[in-house]
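Accompanying notes for the structure given below.
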Amino acid sequence: YIREFSKSRIVGRDALEIAQQIHDDGVDILIDLDSLTLDITCRVMLLKPAPIQATWLGWDASGIPTIDYFITDPYVLPEDAQDYYQEKIWRLPQTYLAVDGFEIEAPTLRREHLNIPKNAIIYFSAQRSFKRHPDTIRLQMKVLKAVPNSYFLLKGNPNEEAPEEFFRQIAEAEGVSLDRLRFLPWTATEAEHRANIAIADVVLDTFPYNGATTTMETLWMGIPLVTKVGQQFAARNSYTMMINAGIEEGIAWSDEEYVEWGVRLGIDERLRQQVHWKLMRSRHTAPLWNAKQFTREMESAYEQMWAMYRTHLRSS
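Take any residue in the sequence shown, count from 1 to its spot, add 4: that is its number in this note's numbering.
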């Protein structure tokens, strides 16, 4: 087990060249980490340079016919999801992702900097604009409206005015004062960003495109999170991460539950403290923070894939 790659290779920018090098290296199992993120990755996977190919970690599976497996877990996809995938869904025993934690710097965000009282409840959301949906923003405004002396801190793409105006329009339509919204600038480093999450009492997740890295950062910092669970991969990321961090408080299966959890966690300080301590204790025990165990489970999956491939070769 190593925390960082010991070797890397820059092959080139041509898909044929990359695929040829993979084939020449004798790679048995090729893992796609990008899904549909990069066109060149799709072209490489289409060329089938390795006998077994799987997609993992990026966006949802791509549907490329030369990819054999989509590596997931028991929570991030519902049981009937196989009907919607050409790739065979391979579920790891607990979580499809794990890390050893995150580096944290000193926070640079203070309530007094934002003109927010010390006794106020702070809701927080840090997501890029393409994850924002008007229906979810309306739910978030309902939460804010139901919790007196509460504020909503929003962080998104730098130098974008359109999302701010979008939030303001919905807030006004829902009867929420614009004075309760704060739009945050981009931070210099990821470690500083994580430290600044600590200003939040509750983080409100996006839907139908959940957080992923932001969810893990929130849970690592011990901040309660409210998420709504959907049917597709992107709408279940926070669900699997919360389960694998050892908490169920904040998991909503409907719009009504999303608002209920948001309000309850906002007004119930004792509940927030309980969630916080559960999350902090889980750093030492939860699957989400056990990268060594995750590595063993992933390697076991590779061994099983290879054994099945060899069996198929012998029988064909």
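Heads up, the beta-carbon is just placed ideally off N, CA and C, and yes, glycines get one too.
Just measuring C-alpha positions, the residue of Met246, His117, Lys135 and Asn241 sitting nearest Arg186 is His117. In the structure shown, the three-state DSSP call for Asp183 is helix. Annotation for Lys296: the continuous alpha helix (DSSP H) segment containing it runs Ala295 to Ser319. Counting along the chain, Tyr73 sits inside the beta strand (DSSP E) bounded by residues Tyr73 to Thr76. Per DSSP, the beta bridge partners of Leu157 are Phe128 and Arg186. Residue state for Val233 is assigned as coil, using DSSP reduced to three classes.
In its chain, beyond the 5 residues on either side, Asp139, Leu143 and Lys232 have a beta carbon closer than 8 Å to the beta carbon of Asp259. As computed with DSSP, Arg115 is found in no beta bridge at all. About 14 Å separates the beta carbons of Gly270 and Val180, which is beyond the 8 Å limit, so they are not a contact pair. Uninterrupted beta strand (DSSP E) stretches at least 3 residues long and entirely within the region 197 to 233 occur at 206 to 208 and 229 to 232, given in chain order. Within its own chain, the residues whose Cβ lies closer than 7 Å to the Cβ of Gly160, once the five positions on either side in sequence are excluded, are Gln131, Arg132, Ser133 and Pro167, listed in chain order. Going by beta carbons, Ile75 and Ala58 fall inside the 8 Å limit. Cβ contact annotation for Ile174 (same chain, cutoff 7 Å, sequence separation greater than five): Pro138, Ile141, Arg142 and Met145, in chain order. Scanning its chain for C-beta atoms nearer than 7 Å, with the 5 sequence neighbours on each side dropped, one finds around Tyr243 the residues Tyr79, Thr231, Val233 and Ile255, in chain order.
Beta-carbon to beta-carbon, Leu157 and Leu188 are separated by about 6 Å, close enough to satisfy the 8 Å threshold.
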